[in-house]
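Residue numbers for the sequence shown follow this note's numbering, beginning at -16 and rising by one.
Beta carbons: idealized from backbone N, C-alpha and C, even for Gly.
Model, not experiment: these values are computed from the prediction.
To start, the structure itself, in structure tokens.
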Amino acid sequence: MLLRKKTEMGSSIFIQVQFIATPENRSKVELFESHWLAEPGVDQVVIRHERTHAGQTVRHDQYQNREELRQPCRYRWESVVIMQDGTVVPCCKDFDAKAPPGNAFEQDLGEIWNGDVVQSMHRSHIDTNYDAVSLCANCSGWQGEPVFPAKETEERVRGFAQLKNSFRDEPRHMKVWE
């Protein structure tokens, strides 16, 4: 339905579909890829390993500890997630709304995004104080992200706000086998 509406309306909304590969479904990766790459309106197909969703689930083949390489999470800056009841959550991994900074039905999104709660979360990431945000403390999602030298991290984080319009430059198909 979303793809059809995008085409009908001539919308430029960016649509990415993802497949989370697990030991149980790896045999379906090629079928998923071929289906979605042929679908008009899909801008990007991404294949990923499973993750722990901020420590809320168990992963079959946990990453070895690489805490010294951890950097601010890009999702803190490049996305806003709104639940069906309007609850705004700081991350797509907060599926139980454990750390909601506001409600889009009751507040302006700009007020929430620029408010003290979200800004404090951003600052904790810039300061590499991930334990300050309980949701982030046990997250392993960062382990699949590119690693940058520490001196470039804050500059990179500041650039996240400008990324929203650059998604079209990403490859249409990516496999992220962390």
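Since residue i and residue j are thought to touch, with beta carbons under 8 Å apart, how far apart are those beta carbons, to the nearest angstrom?
i          : j          : result
serine 107 : valine 116 : 5 Å
Could you tell me the alpha carbon to alpha carbon distance between residue i and residue j, rounded to whole angstroms?
i                 : j             : result
tyrosine 113      : valine 101    : 14 Å
serine 83         : glutamate 13  : Checking the sequence shown, residue 83 turns out to be proline, not serine. If you take the alpha carbons of proline 83 and glutamate 13, they lie about 37 Å apart.
histidine 105     : alanine 4     : 29 Å
phenylalanine 131 : threonine 111 : Only weak support exists for where phenylalanine 131 lies, its pLDDT of 46 falling under 50; the coordinates are left without a value.
isoleucine -4     : proline 55    : 26 Å
glycine 93        : methionine 66 : 17 Å
isoleucine 95     : serine 103    : 12 Å
Report all residues from its chain with a CB closer than 6 Å to the CB of residue i; omit the five preceding and five following residues, and keep chain order.
i            : result
aspartate 77 : Leu118
threonine 70 : Ala80, Pro83, Asn86
arginine 53  : Trp125
Leaving out five residues before and five after residue i in sequence, what residues of the same chain have Cβ atoms less than 7 Å from its Cβ?
i             : result
methionine -8 : none
cysteine 75   : Tyr58, Ser62, Val64
valine 0      : Trp19, Val25, Val28
Apart from the five residues just before and just after residue i, which ones in its own chain have a Cβ nearer than 8 Å to its Cβ?
i                : result
serine -6        : Lys(-12)
glutamate 16     : Phe2, Val28, Ile30, His156
phenylalanine 88 : Asp68, Gly69
leucine -14      : Ile(-2), Glu22, Pro23, Gly24, Val25
Residue i: buried (16+ other C-beta within 10 angstroms of its C-beta) or exposed?
i          : result
proline 73 : buried
Of all Cβ atoms in chain B, is any one closer than 8 Å to the Cβ of residue i?
i             : result
aspartate 114 : Going by chain labels, chain B is absent from the structure shown, which holds only one protein chain.
Evaluate the contact criterion for the region 18 to 33 versus the region 58 to 74: three or more CB pairs, one atom per stretch, below 8 Å.
-> Fewer than three pairs of CB atoms, one per stretch, sit closer than 8 Å, so the region 18 to 33 makes no contact with the region 58 to 74.
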